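Protein chains in written order, with the numbering used here: chain A, 2 to 158; chain B, 2 to 158.
Every residue gets a Cβ at the ideal spot worked out from N, C-alpha and C, and that includes glycine.
If you're wondering where the values come from, they're calculated on a predicted model, not measured in any experiment.
See below for the structure under consideration.
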DNA sequence: GAAAAGTAGTTGCAATTGAAACTATTCGAC
DNA sequence: GTCGAATAGTTTCAATTGCAACTACTTTTC
């Protein structure tokens, strides 16, 4: 039995949670990420961090863990853990860098590439569906706004 | 020494992580949430879940925990924990519902209201700054697109 | 060329989160 | 009215995450 409560005049400057952009962003992002995470998990037994590592290495082979962290907005601990489970599942191979022995270089194995070629269409189909209600102009605007917002968010971080 | 790697033609249908909307949403949302979380924590010793509970009760007093969960997109366990720490900090009061003894009803204490009236302007200032690069038309579009995307995301959840 | 400072990557530990099970109570069917 | 299903809210336990400390190595400074 859903009771409709009358909103009281919020004392301080008017803040309504479901008009508040940071809140809405968070809820939207969680909803989207959860759908994708479930699909990746179900179909490929892959977590989101693992998926990010696979995706970036598909496009840029032979990155170090730190390079991967930079390109995926993950911290290096998260990358290290994702890499470990991907290595254990034989979806990556790791070579030592011959010039810097602290460093090693990552690349998808054949099995890793296969995961990628199967997962990428699924991810793109999800994105397409998500955006299906938006006109072409809306999509361009969304792209632009996200870029703008992200730049600003970084700046005021 | 940042090395610029040449992207290889990604085999499967082209998926570039930093063009991929779910990824960008997640990074943007995390950046924004982290800024706010740090501010709330620093200034009021309040976590994001706690802040959400306070914000919703400022506007809608006398909700039950389940009502709060519905209005904040939190699950009831998260609400229960946030409520407990807010009660411990004396920022909430809880009354038993006289008609349903499973239920109880939450309301901000004077101290809780004071937190709210101090935090809300700060949150709104952050939002204002975040959106400062956007024209009025862009803001309306952003609002509309977020609503649209959220509806769609729920649907295909 | 030795010492100090910096970087790559891992590990350990504590805090956060999520899911399932649980208690207490109410609702609904009969 | 009684029994089974549903609901409010809490607890428990396991998985995830985030931070600081750590090892190993490289670069810089003097």
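Of the residues the options, the one placed nearest residue i, counting alpha carbons only
| i | options | result |
| --- | --- | --- |
| residue 23 of chain A | B/96, B/118 and B/73 | B/73 |
| residue 156 of chain B | A/150, A/134 and A/157 | A/134 |
| residue 152 of chain B | A/130, A/144 and A/125 | A/130 |
| residue 34 of chain A | A/120, A/48 and A/86 | A/48 |
| residue 51 of chain A | A/82, A/132, A/136 and A/128 | A/82 |
| residue 168 of chain A | A/96, A/66 and A/62 | Residue 168 of chain A lies beyond the residue range present for chain A, which begins at 2 and ends at 158; the question has no answer from this structure. |
| residue 17 of chain B | A/117, A/145, A/143 and A/142 | A/117 |
| residue 98 of chain A | A/90, A/71 and A/108 | A/108 |
| residue 38 of chain B | B/124, B/71 and B/77 | B/124 |
| residue 15 of chain A | B/53, B/92, B/69 and B/60 | B/60 |
| residue 54 of chain B | B/121, B/148, B/137 and B/138 | B/121 |
| residue 68 of chain B | B/115, B/104 and B/145 | B/104 |
| residue 89 of chain B | B/110, B/137, B/77 and B/100 | B/110 |
| residue 94 of chain B | B/71, B/86 and B/136 | B/86 |
| residue 30 of chain A | A/119, A/158 and A/128 | A/128 |
| residue 40 of chain A | A/126, A/147 and A/58 | A/126 |
| residue 106 of chain B | B/58, B/112, B/143 and B/140 | B/58 |
| residue 45 of chain B | B/138, B/114, B/142 and B/100 | B/114 |
| residue 20 of chain B | A/102, A/146 and A/112 | A/146 |
| residue 150 of chain B | A/112, A/119, A/148 and A/140 | A/140 |
For residue i, the residue or residues it bridges with in DSSP
| i | result |
| --- | --- |
| residue 97 of chain A | A/105 |
| residue 156 of chain B | In DSSP, residue 156 of chain B forms no bridge with anything. |
Any chain A beta carbon closer than 8 angstroms to residue i
| i | result |
| --- | --- |
| residue 50 of chain B | no |
| residue 93 of chain B | no |
| residue 135 of chain B | yes |
| residue 107 of chain B | no |
| residue 101 of chain B | no |
| residue 44 of chain B | no |
| residue 34 of chain B | yes |
| residue 74 of chain B | yes |
| residue 121 of chain B | yes |
| residue 12 of chain B | Note that residue 12 of chain B scores 49 on pLDDT, short of 50, meaning its location in the model is unreliable; the coordinates nonetheless yield the value given after this. Yes - at least one Cβ of chain A is within 8 angstroms of the one on residue 12 of chain B. |
| residue 112 of chain B | no |
Minimum Cβ-Cβ distance from residue i to chain B less than 8 angstroms
| i | result |
| --- | --- |
| residue 6 of chain A | Below a pLDDT of 50, predicted positions are generally treated as unreliable, and residue 6 of chain A, at 47, falls in that range; the measurement from the model is reported next regardless. Chain B contact via Cβ: present. |
| residue 154 of chain A | yes |
| residue 87 of chain A | no |
| residue 139 of chain A | yes |
| residue 131 of chain A | yes |
| residue 79 of chain A | no |
| residue 125 of chain A | yes |
| residue 47 of chain A | no |
| residue 150 of chain A | yes |
| residue 2 of chain A | With a pLDDT of only 39 at residue 2 of chain A, under 50, the local geometry of the prediction cannot be trusted, and the value read off the model is given with reservation. Output row for residue 2 of chain A: interface = no. |
Terminal residues of the alpha helix (DSSP H) in which residue i lies
| i | result |
| --- | --- |
| residue 122 of chain A | 111–131 |
| residue 68 of chain B | 66–73 |
| residue 81 of chain A | 77–89 |
| residue 18 of chain B | First-last for residue 18 of chain B: undefined, no H or E at that position. |
| residue 62 of chain B | Looking at the DSSP string, residue 62 of chain B is not in any alpha helix (DSSP H), and its letter there is neither H nor E. |
Next on the checklist: Counting only Cβ-Cβ distances shorter than 7 angstroms, please list the residues of the segment 16–32 of chain A near chain B, keeping chain order.
Outcome noted: Shown in chain order are the members of the segment 16–32 of chain A whose Cβ falls below 7 angstroms from a Cβ of chain B: 16, 17, 18, 21, 22, 23, 25, 26, 27, 28, 29, 30 and 32.
Item to check | Interface residues of the segment 53–70 of chain A facing chain B [CB-CB below 9 angstroms] | outcome: Hits within the stretch, in order: 53, 56, 57, 59, 60, 61, 62, 63, 64 and 68.
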